[in-house]
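Trainee:
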Amino acid sequence: MLTWITFMPLIGAALILPVLGLRAAGALSKGAADQASRVITLVASGLTLVLALVLWKGYDPANPALQFVQHARWIPAYNIDYFVGVDGISITLVILSALISFIATIASMPWWPGNAHLDEHHFTQHGVPGYMALLLILQTGMIGVFVAMDMFLFYVFWEVMLLPMYFLIGIWGGSRKEYAAIKFFLYTLAGSVLMLLAIIGLYFNGPTEVVDGRLMHTFDMVKMAQWGRAGGYLSAPIVLGLSFIKVAWVALFIGFAVKIPMFPFHTWLPDAHVEAPTPISVILAGILLKMGIYGILRINYAILPQATKWASYAMAVFGTINIVYAAFVCLGQTDLKRMIAYSSVSHMGFCLLGMSAFTQQGIDGAVLNLWTHGLISPMLFLIVGVIYDRAHHRNIEGFGGLAKQVPEYAGLLGLAFFASLGLPGLCGFVSEFTVFLGSLSTWQTMTIVSALSVIITAAYYLWAIQRMMLGQLNPAYTGLPDVNWRERLTLYPLGALIILFGFYPAAIINLIEGSLRNLLVPLQ
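Going left to right, the sequence shown walks through residues -9 to 514 as my numbering numbers them.
1) Excluding the 5 residues preceding and the 5 following Thr324 in the sequence, name in chain order all residues of the same chain whose CB lies nearer than 7 Å to its CB.
2) List the whole-angstrom C-beta distance separating Thr31 from Leu186, where the pair is believed to meet the contact cut-off of C-beta under 8 Å.
3) Where does His383 sit, in a helix, a strand or coil, going by DSSP?
4) Do the CB positions of Gly418 and Ile366 come within less than 8 Å of each other?
5) Tell me whether Gly75 sits in a helix, a strand or coil according to DSSP, three-state version.
6) Report the rounded CA-to-CA distance for Pro267 versus Gln216, giving the unit in angstroms.
7) Within the continuous alpha helix (DSSP H) that includes Leu205, where are the two ends?
8) Using 8 Å as the threshold, is the C-beta distance between Ile81 and Ala34 below it?
9) Counting only runs that start and end within the segment 307 to 352, where is the alpha helix (DSSP H) found for 4 or more residues in a row?
10) Just to confirm the assignment: which complete beta strand (DSSP E) runs, minimum length 3, are found wholly within the segment 15 to 95?
11) I need the DSSP call for Asp354, collapsed to helix, strand or coil.
12) Given a cut-off of 8 Å on the beta-carbon distance, is the pair His363 and His382 in contact?
13) Return helix, strand or coil for Val118, following the three-state DSSP convention.
14) Please say whether Ile93 and Thr480 have beta carbons closer to each other than 8 Å?
15) Pairing CB atoms from the segment 35 to 44 with CB atoms from the segment 174 to 182, are three or more of them under 8 Å?
16) Could you give the DSSP three-state label for Val212: helix, strand or coil?
17) For Leu232, write down the residues that DSSP places opposite it in a beta bridge.
18) Using CA atoms only, rank isn't needed, just tell me which of Ala449, Phe142, Ile293, Pro(-1) is closest to Cys320.
19) Counting only the same chain and skipping the five closest in sequence on each side, list residues whose C-beta sits under 6 Å from that of Met206.
20) For Pro269, count neighbouring Cβ atoms within 10 angstroms of its own Cβ and tell me buried if that reaches 16, exposed if not.
21) Going by CA-CA distance only, name the one from Pro368, Gly485, Gly469, Gly344 that's closest to Ser431.
22) Do Pro119 and Ser27 count as a contact pair if the criterion is CB distance below 8 Å?
23) For the beta strand (DSSP E) containing Val200, name the first residue and the last one.
24) Take Trp64 and list the residues in its own chain whose beta-carbon comes closer than 8 Å to its own, dropping the five residues that flank it on each side.
25) Would you identify the three-state DSSP class for Ala138, choosing helix, strand or coil?
26) Round the Cβ separation of Leu484 and Pro368 to the nearest angstrom and send it over; I've been treating them as touching at under 8 Å.
27) Cβ of Tyr145 less than 8 Å from any chain C Cβ?
28) My assumption, with CB atoms under 8 Å, is that Ser421 sits in contact with Leu370. Please give the rounded CB distance.
29) Around the C-beta of Ile445, are 16 or more other C-beta atoms found within 10 angstroms, so that it is buried, or is it exposed?
30) Under 7 Å Cβ to Cβ from Thr424, same chain only, skipping five residues before and after it: list those, please.
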């Protein structure tokens, strides 16, 4: 099951290759090649979502151990296996990845009525087969990260994501796409190098086993976690004058912090978001940012618990800086997309604050925030895409009175903004409140400061609503079309889920709680 979910998008990408070949040979017209690529992508992404929902139905939340495990020899010479499985943490993110990828696929389609404003220069109109193939390869990389239980396999999937995202921004992005793509590539690559060095260190200082008559180290993350819990890495040699576990922990943390992104490694994100096409921003905010937090939980917390205790205060400090600093930066933004990009930096700080407290409520809230932000932020970026496709700019002060002209759009924007600022009854409130509840006993001052920053969050969202939606209608936007069916198919499901999980967060908490409880045992 997990193998099908992981590689279904890659199969779709492989099916697009003959389309590219036929198009290059002149056997297919541009229109036919574009349509075939879109259909293949929609089917592959849709099947992945269906399989992920079947996986959810078959998952047993009462069993915190790995489920749906598949294990096969891959590179015997180095004891590297194809080892995949899911626990409560990873299954939540697999479902989120499949859902957001499918929504991003729909957002990449220009088919539905009411899309007359999409001209031939729009990203959905050129290089379609290549775009769709890269989108599917990216999806395989993302899901692979969440299911991999062999650290070498984990790293391979982590790197698989890098090139598709680089090309998707660099080819189909905005006017400064090359700059944004290169900046994304260099930041992520630098983090990956540190990760690789730490992974090699963990491998050679980790547990050994007899394989085919030879004593070998292992990349098995379950065995490495058992070794780490037992203090096996404490006897590793000193590195750079510090204990190995501290050096390895910091190297891994920086690698993951780039992806979160955490201050001061966050500056690639606003540029990448602003220049990326809307569906790529949806994936970037909805899934890729979650991988940093997931990596910290899966590797730093599980394998190096002693170093995690040592670093807890620093995590809380950086989480608080993320929350407060990015919220104030949002206040000064006039580009709607850049404002929302910085709001993601702020919201990911809640995850760091909650998980650093080492309480059940704190870590539950942190992982729940991955889910809720994974629903809210894609809706926010889709909202930006709707108005940008029509007005061809994102300047908040350049609008005014739009609620009279596009009332449906105004309602959807209000829902997304209020969810992000933490209005009770919507899912953003539940995750933030749970984080504050769990971190208050451990980090009282930082929790209070972070909670007060919610006022700043409310200020920049309400100010944006006032400038864009209220007052007199800007005459330039008389006759502006409201949302169309393609946009409804992406926005309404997200809006419904934001409301649903605002009232019933237990559906996610029940999934993650058992696995997170096990993760906390050596940290308390």
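Note that CB positions come from ideal geometry on N, CA and C, so glycine has one too.
Mentor: With the structure as the only source:
1) Only Asn385, Ile386, Glu387 meet the Cβ criterion.
2) Not confirmed; about 31 Å, so no contact.
3) coil
4) yes
5) Three-state DSSP puts Gly75 in a strand.
6) 43 Å
7) Taken as a continuous stretch (DSSP letters only), Leu205 belongs to no alpha helix (DSSP H), being part of the beta strand (DSSP E) at 204 to 207.
8) Cβ atoms of Ile81 and Ala34: not closer than 8 Å.
9) 326 to 346
10) 57 to 65, 70 to 76
11) Asp354: helix per DSSP, three-state reduction.
12) no
13) helix
14) yes
15) Because the criterion of three Cβ pairs below 8 Å is not met, the segment 35 to 44 and the segment 174 to 182 do not touch.
16) helix
17) Val229
18) Ala449
19) Asn69
20) buried
21) Gly344
22) yes
23) 198 to 201
24) Ile70, Asp71, Tyr72, Asp140, Leu143
25) Strand at Ala138.
26) 6 Å
27) The chain labelled as chain C is not found in the depicted structure, where only one protein chain is given.
28) About 15 Å separates the two Cβ atoms, so there is no contact after all.
29) Burial is judged here by how many other beta carbons sit within 10 angstroms of a residue's own beta carbon; Ile445 has fewer than 16 and is exposed.
30) So the qualifying residues of the chain are Gln351, Asp354, Gly355, Leu358.
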